[in-house]
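Here our numbering is used: position 195 in the sequence shown is 358, and no number is missing along the way. Ideal Cβ placement from N, Cα and C applies to all residues, glycine included. Note that the structure is predicted; figures quoted are calculated from it, not measured.
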Amino acid sequence: MNVRDSEVIAGLLKQAGYALTESAEHADAVIFNTCSVRQHAEDKVWSEIGRLTKSSRAQRKSAAGKKPKQKPLVGLVGCMAQNYKEAVFERSPAVDFVVGPADIAKIPAILERLFSARKQSGGSSLYEVKVWETDAESRPEEIYHTGYRQDPEQAYVVISEGCSNMCAYCVVPFVRGALRNRPYKEIVREIKEAAAGGRRKITLLGQNVNAYRGDEGDFVALLRTVAQLKGVDELSFITSHPRDTTVEIFRVMAEYANIKPYLHLPFQAGSNAVLKRMNRGYTREYYLDLARQYRKLVPGGALSTDIIVGFPGETQEDFQQTVDLVRDVEFESAYIFKYSPRPHSEAYAWADTVEQAEKERRHALILDLQKTISRRKK
Ligand code: SF4
Numbered sequence: 164m165n166v167r168d169s170e171v172i173a174g175l176l177k178q179a180g181y182a183l184t185e186s187a188e189h190a191d192a193v194i195f196n197t198c199s200v201r202q203h204a205e206d207k208v209w210s211e212i213g214r215l216t217k218s219s220r221a222q223r224k225s226a227a228g229k230k231p232k233q234k235p236l237v238g239l240v241g242c243m244a245q246n247y248k249e250a251v252f253e254r255s256p257a258v259d260f261v262v263g264p265a266d267i268a269k270i271p272a273i274l275e276r277l278f279s280a281r282k283q284s285g286g287s288s289l290y291e292v293k294v295w296e297t298d299a300e301s302r303p304e305e306i307y308h309t310g311y312r313q314d315p316e317q318a319y320v321v322i323s324e325g326c327s328n329m330c331a332y333c334v335v336p337f338v339r340g341a342l343r344n345r346p347y348k349e350i351v352r353e354i355k356e357a358a359a360g361g362r363r364k365i366t367l368l369g370q371n372v373n374a375y376r377g378d379e380g381d382f383v384a385l386l387r388t389v390a391q392l393k394g395v396d397e398l399s400f401i402t403s404h405p406r407d408t409t410v411e412i413f414r415v416m417a418e419y420a421n422i423k424p425y426l427h428l429p430f431q432a433g434s435n436a437v438l439k440r441m442n443r444g445y446t447r448e449y450y451l452d453l454a455r456q457y458r459k460l461v462p463g464g465a466l467s468t469d470i471i472v473g474f475p476g477e478t479q480e481d482f483q484q485t486v487d488l489v490r491d492v493e494f495e496s497a498y499i500f501k502y503s504p505r506p507h508s509e510a511y512a513w514a515d516t517v518e519q520a521e522k523e524r525r526h527a528l529i530l531d532l533q534k535t536i537s538r539r540k541k
């Protein structure tokens with residue numbers, strides 16, 4: 164999702180007459196498109212901003228005799244922006260603008276305003292302007308049609324924004340808002356544009372992609388429509404929620420040769436007690452049945468998943484059920500995460516009961532098991 168959002172931002176800026184540079188040292192503005200899904204992702208952004216500030220300060224110092232280059236404008240965009248809003252300026256004074264995920268259409272105008280304020284002040288830091296925009300509830304459609312894409316063969320296409328699921332550990336509904344479906348026709352138009360430009364691989368994107376309900380059809384209908392479009396040689400979608408995944412999707416996958424036989428289906432935890440506390444809306448038995456149906460209806464199809472270890476209250480027995488599920492399903496690959504409390508989420512208020520060392524142990528154990536399975540299945 165963030166890869167596509169970065170493309171959208173770059174496309175909007177190109178339309179406004181800006182050009183991309185290869186390195187931050189040469190840039191007049193640096194924009195960090197951020198993720199809040201785990202603490203680790205946020206920590207990396209704060210340290211990258213610190214590194215950039217330090218290196219541009221050093222650059223200015225070493226410009227002895229010459230007119231020193233001004234510090235680039237620094238923007239913090241995306242989920243962290245929505246999460247921390249104007250508090251970002253206190254945490255990191257080097258940041259000049261903060262823009263939430265639904266407000267990205269405003270970035271060119273914000274840059275314009277900041278560059279002209281700099282010009283008027285003659286570069287004096289006494290008149291520094293800070294801007295934050297985190298109020299929009301949806302994005303204008305045009306932002307998806309700038310024509311700019313990084314990859315000459317692949318196109319990511321957002322079909323829905325936000326999520327209304329409220330999994331207890333997740334910050335997404337708070338930073339990306341409730342689920343909003345893009346109009347069916349607009350999605351199809353964007354895919355036709357991408358295919359006409361030579362992008363023959365299409366990936367449909369949504370936080371909960373198969374919850375899509377458009378004005379002219381649901382996810383299954385959209386999948387069928389896109390699979391039949393001229394120029395679409397490979398079609399995939401991410402991320403599926405088990406609760407909204409139906410066998411009908413598997414049937415469509417098997418029916419069209421250009422739909423990639425690959426499903427990313429996060430199960431998160433193998434114990435029903437933990438799944439209930441996570442508010443995932445399905446049981447272990449339901450998930451196992453879905454995985455079996457997938458294996459049966461999409462022969463040779465790959466299956467990957469996400470797993471969280473150390474969720475509040477996860478006992479040794481709960482964890483063992485996660486291990487057993489991994490053994491039983493034999494995923495082709497898995498992304499395994501140690502739980503970290505996210506502000507705003509329901510579980511943030513709960514005691515983080517599993518010690519860090521125990522989270523590490525559980526993480527390593529599942530990782531080892533998955534590596535063995537993945538190697539065997541190659
Ligand atoms: S489905 Fe759950 S984990 Fe996924 S984005 Fe929505 S709230 Fe977060």
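| Check | Outcome |
| --- | --- |
| Closer than 8 Å: M329 CB and nearest ligand 1 heavy atom | yes |
| Cβ-heavy atom distance, H308 to ligand 1, below 8 Å | no |
| heavy atom of ligand 1 below 8 Å from T197 C-beta | no |
| Close beta carbons around K522, own chain, < 8 Å, minus the five adjacent residues each side | V472, G473, K501, Y502 |
| C-alpha distance - A318 paired with D481, whole-angstrom precision | 39 Å |
| Reference M441; option with closest CA among E495, L453, Y332 | Y332 |
| Cβ contact (3+ pairs, closer than 8 Å) linking the stretch 390 to 406 and the stretch 426 to 446 | yes |
| Outcome for T184 when other beta-carbon atoms lying within 10 angstroms are tallied against a minimum of 16 | exposed |
| Heavy atom of ligand 1 within 8 Å of N371 beta-carbon | yes |
| Own chain, CB closer than 8 Å to A244, minus 5 neighbours either side, in chain order | T197, V251, V261, V262, G263, P264, W295, T297 |
| C-alpha gap between V489 and E495, whole angstroms | 10 Å |
| Contact between the stretch 321 to 337 and the stretch 368 to 386 (3+ Cβ pairs under 8 Å) | yes |
| Coarse secondary structure for S225, derived from DSSP in three states | helix |
| The stretch 338 to 350 in contact with the stretch 455 to 470 per 3-pair CB rule at 8 Å | no |
| Distance between V208 and S255 (C-alpha atoms, nearest Å) | 11 Å |
| For A280, the nearest candidate out of V321, Y307, L236, E304 (CA to CA) | L236 |
| DSSP three-state assignment for I322, whether helix, strand or coil | coil |
| heavy atom of ligand 1 below 8 Å from Y332 C-beta | yes |
| V335 beta carbon near ligand 1 (any heavy atom closer than 8 Å) | yes |
| T402 CB to nearest heavy atom of ligand 1 below 8 Å | yes |
| Supposed contact pair Y311 and K177 - C-beta distance, whole angstroms, cut 8 Å | 5 Å |
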